[in-house]
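Residue numbers (the UniProt record's numbering), protein chains in the order written: chain H, 1 to 363; chain F, 1 to 363.
This is the structure:
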């Protein structure tokens, strides 16, 4: 007899219907998960999406988030709200013993995030953020490469870039660019991924300091549209990133070690839904007289059985099932990763506000 | 009847025999050029290389640089000396009415470079630096892409990286890492190319300011082994670069515009000697529900009839022939490009020395 699936609720926000729809589809692909409730202040709009996607009739549609959290049939919630609203609802969810999958950017700052993490810890529920690419099978395979002392050597530098081109309607209306709803702008929407990628490559070791790069751009409300930062570690490692909503869609990681180089061009969302590639080079060198390369980078391809959003959901639901059925403890790896990402993000924001002064990363 | 070729001399430096040999071969490939003289303080070593490469008997071997410059049969000289020696010999060459092809880094600073450029101008001789990749046919083709308002839009950011892994013998002995001979280290050897690439992408418009990135590394003599910088322009464009002799060989350019992205992984020396590729993307976008990319980058390949070092020599010799035979003026495009590269390099160096303070770029 199949086990009862983990029952999920979603706290939907009007404008992010695409995200809600994507995650609903992802849940449907995970054997051990079922969507049971959606709460949305704009329930008619949400219902419209659900109907269009042909979701089953058992999904309960609530006109408030509270109703989802009060529903005893809901084991866990996916919270994809604007950053300034998320801590309140994530804390409320944890207090109702619901496991929390929180969309990024997770919170306005680490103080707010810590409220969420404390609530999750106190209730013994799993916390995870919505950084999809962590769950693609390409990610551990690349990690194996950069952890290999023979092929990659010691990590020396990382550069990461995530930009997309926002149309005028998005620039005008999207909640990510409104100071009362999000306030982190491109830094929260794109920079979050870059910071995570840098920390991931650096084995989640926090940098000593973070320095924003000159040339940040803001909208009229003072929200970041484009920025970058430099990170440095005591061992001589360095990293830079650039994020923007004003440039063509670009998703880059280049990591160099003493012996190797890792590169990919689609780290946030792979070019294809069922396979993803990356490039590695080891002990690259020139031909005699430097007329070409003797050792050139090679491409590697990794197939994924489910889209990465479903892989994330499978991972999350697996942890929830472990806690609910087998009495396991929540996996602390995930909140720890989120918190470090937030700490660096906060330092970048502080450095921008202080005119690109170097800022020590908190703990 | 074929025209008399342009007659070239080389001022050779002991340790850079590979460079000397590469350029000698390049000269042999250019129809309108002939190598007639080599001056080297270590002439026996130089002779050894020449013999091994089977160079013709007419090449005169001098034991001093002066002898090459005094030889009336020499029209132009290639000067691949350490940066601190180059200005003296380039000035001497220009004063003897020899056209000057000067290896990079061209000089310790712009003050020294200006002595060279003034001497060349006073003598009416052509000046060009040895930045090979400027002469590959891939370069103007890429430039066409990033100048295209439809396909690339407005340039927003550039990232550039050139690193290689120096072995212990190089770290110990190479003149690039000796303060009395070069003093610019990785900044002069690798950063030069990155700065040129950034200026090339930015239509040779100088940035407002340059800020070194934290985390520069130095050898015991204080010479830069690894560093980076951020550049910013009044119109909101930004650029970063990273250069190092402590990481695996990596040569990256990523340029993003409002509508397009340009990328290549071998900008300094192409992977292959007879063809080079680059990637472009225009109006990249995601599929509905963000499960993949609808418009992905595409690869383009450009064949070259000669290796890029011969293409540089052909360009240089063509300009010299125009001056010598047709009474043309020297092409000022080349010294202007060199000077801007040096100005930015000087600003990076100054910013490193001032603890990563933002430094205005001179003029």
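The C-beta atom is built at its ideal place from N, Cα and C for all residues, glycine as well.
**Prompt:** Does the count of Cβ pairs from the region 79-91 of chain H and the region 111-124 of chain H closer than 8 Å reach three?
**Reply:** A contact exists between the region 79-91 of chain H and the region 111-124 of chain H.
**Message:** Taking 7 Å as the limit between beta carbons, can you name the residues of its chain near residue 320 of chain F, skipping five residues before and five after?
**Reply:** Same-chain partners within the cutoff: 6, 75, 76, 99 and 126.
**Message:** Less than 7 Å between the C-beta atoms of residue 313 of chain F and residue 33 of chain F, yes or no?
**Reply:** Against a cut-off of 7 Å, the Cβ pair of residue 33 of chain F and residue 313 of chain F comes out as a contact.
**Request:** Determine the contact status of residue 296 of chain F and residue 162 of chain H, defining contact as a CB-CB distance below 7 Å.
**Result:** No, they are not a contact pair.
**Prompt:** Taking just the CA atoms, how far does residue 193 of chain F sit from residue 281 of chain H?
**Reply:** Near 21 Å, if we compare the C-alpha coordinates of residue 193 of chain F and residue 281 of chain H.
**Prompt:** residue 40 of chain F: buried (16+ other C-beta within 10 angstroms of its C-beta) or exposed?
**Reply:** Counting other Cβ atoms within 10 Å of its Cβ, residue 40 of chain F reaches 16 or more and is therefore classed as buried.
**Message:** Would you say residue 149 of chain F lies against chain H (beta-carbon separation less than 7 Å)?
**Reply:** Taking Cβ atoms only, chain H never reaches closer than 7 Å to residue 149 of chain F, which makes this a no.
**Prompt:** Looking only at DSSP bridge pairs, what is residue 7 of chain F linked to?
**Reply:** Bridge partners of residue 7 of chain F: F/34.
**Asked** So, using beta-carbon positions, are residue 68 of chain H and residue 310 of chain H closer together than 7 Å?
**Response** In this structure, the beta-carbon distance from residue 68 of chain H to residue 310 of chain H does not fall below 7 Å.
**Item:** Three-state class that DSSP yields for residue 143 of chain F in the structure shown
**Value:** Looking at residue 143 of chain F - three-state DSSP - the assignment turns out to be helix.
**Asked** Under 7 Å between C-beta atoms, does residue 245 of chain F make it to chain H?
**Response** No - not a single Cβ of chain H is within 7 Å of the one on residue 245 of chain F.
**Request:** Anything in the region 242-275 of chain F with a Cβ closer than 8 Å to a Cβ of chain H? List those residues in chain order, please.
**Result:** Answer in chain order: 242, 244, 246, 247, 248, 249, 250, 252, 254, 256, 257, 258, 259, 260, 261, 263, 265, 266, 269, 270, 271, 272 and 273.
**Asked** Cβ atoms of residue 232 of chain H and residue 207 of chain H: under 7 Å apart, would you say?
**Response** Taking 7 Å as the cut-off, the beta carbon of residue 207 of chain H is found closer than this to the beta carbon of residue 232 of chain H.
**Request:** Kindly say whether residue 22 of chain F, judged by its beta-carbon, lies nearer than 7 Å to any beta-carbon of chain H.
**Result:** Taking CB atoms only, residue 22 of chain F has a neighbour in chain H less than 7 Å away.
**Request:** Starting from residue 292 of chain H, find everything on chain F with Cβ-Cβ shorter than 8 Å and list it in chain order.
**Result:** Against chain F, the beta carbon of residue 292 of chain H has neighbours under 8 Å at 269, 270, 271, 272 and 273, listed in chain order.
**Request:** Provide the residue span of the beta strand (DSSP E) that contains residue 298 of chain H, from first to last.
**Result:** Per DSSP, residue 298 of chain H belongs to the beta strand (DSSP E) from 298-303.
**Prompt:** So, does the CB of residue 328 of chain H fall closer than 7 Å to a CB anywhere in chain F?
**Reply:** Answer no: the Cβ-Cβ gap between residue 328 of chain H and chain F never drops below 7 Å.
**Any C-beta of chain F under 7 Å from that of residue 207 of chain H** = For residue 207 of chain H, the nearest beta carbon of chain F is not closer than 7 Å to its own beta carbon.
**Request:** In angstroms with no decimal places, state the Cα-to-Cα distance between residue 110 of chain H and residue 212 of chain F.
**Result:** Distance between the alpha carbons of residue 110 of chain H and residue 212 of chain F: 29 Å.
**Contacts of residue 25 of chain H in chain F (Cβ-Cβ under 8 Å)** = 289, listed in chain order.
**Request:** Grab me the residues of residue 1 of chain H's own chain with a C-beta within less than 7 Å of its C-beta, minus the 5 sequence neighbours each way, in chain order.
**Result:** Reliability fails at residue 1 of chain H, whose pLDDT of 42 lies under 50, so the model's placement of it is uncertain and no value is given.
**Request:** Could you check how far apart the C-beta atoms of residue 226 of chain F and residue 186 of chain F are, in whole angstroms? I think they sit under 8 Å.
**Result:** The C-beta separation of residue 226 of chain F from residue 186 of chain F comes to about 6 Å, placing the pair in contact by the 8 Å criterion.
**Item:** Sequence-distant residues of its chain with Cβ nearer than 6 Å to residue 263 of chain H (five each side left out)
**Value:** The answer, listed in chain order, is 254 and 279.
**Request:** Let me know the secondary structure DSSP gives residue 334 of chain H once reduced to three states.
**Result:** Here residue 334 of chain H sits in helix by DSSP.
**Prompt:** DSSP puts residue 227 of chain F in a beta bridge; with which residues?
**Reply:** Beta-bridge pairing links residue 227 of chain F to F/243.
**Asked** Is there at least one Cβ from chain A nearer than 7 Å to residue 222 of chain F's Cβ?
**Response** No chain A appears in the structure shown, which is made up of the protein chains H and F.
**Asked** Given a threshold of 16 other Cβ atoms within 10 Å of its Cβ, counted over all protein chains shown, does residue 221 of chain H qualify as buried or as exposed?
**Response** By the beta-carbon neighbour count (other beta carbons within 10 angstroms, threshold 16), residue 221 of chain H is exposed.
**Prompt:** Looking only at its own chain, which residues have a Cβ that is under 6 Å from the Cβ of residue 137 of chain F, when we skip the five neighbours before and after it?
**Reply:** For residue 137 of chain F, where only same-chain residues beyond five positions count, the Cβ hits under 6 Å are 302 and 304.
**Prompt:** Taking C-beta to C-beta, are residue 107 of chain F and residue 113 of chain F nearer than 7 Å?
**Reply:** A contact, by the Cβ cut-off of 7 Å.
**Near-chain H residues of the region 120-138 of chain F - C-beta to any C-beta below 8 Å** = Within the region 120-138 of chain F, no residue has a Cβ that lies closer than 8 Å to any Cβ of chain H.
**Asked** Expressed to the nearest angstrom, what Euclidean distance is found between the alpha-carbon atoms of residue 267 of chain H and residue 252 of chain H?
**Response** Separation of residue 267 of chain H and residue 252 of chain H (C-alpha to C-alpha, rounded to the nearest whole angstrom) is 6 Å.
**Prompt:** Who are the neighbours of residue 156 of chain F on chain H, taking C-beta pairs under 8 Å?
**Reply:** Result: 163, 226, 244, 246 and 247.
**Message:** Using 8 Å for Cβ pairs, my map puts residue 241 of chain H next to residue 195 of chain H. What's the rounded Cβ distance?
**Reply:** Rounded to whole angstroms, the Cβ separation of residue 241 of chain H and residue 195 of chain H is 7 Å, and the two are in contact under 8 Å.
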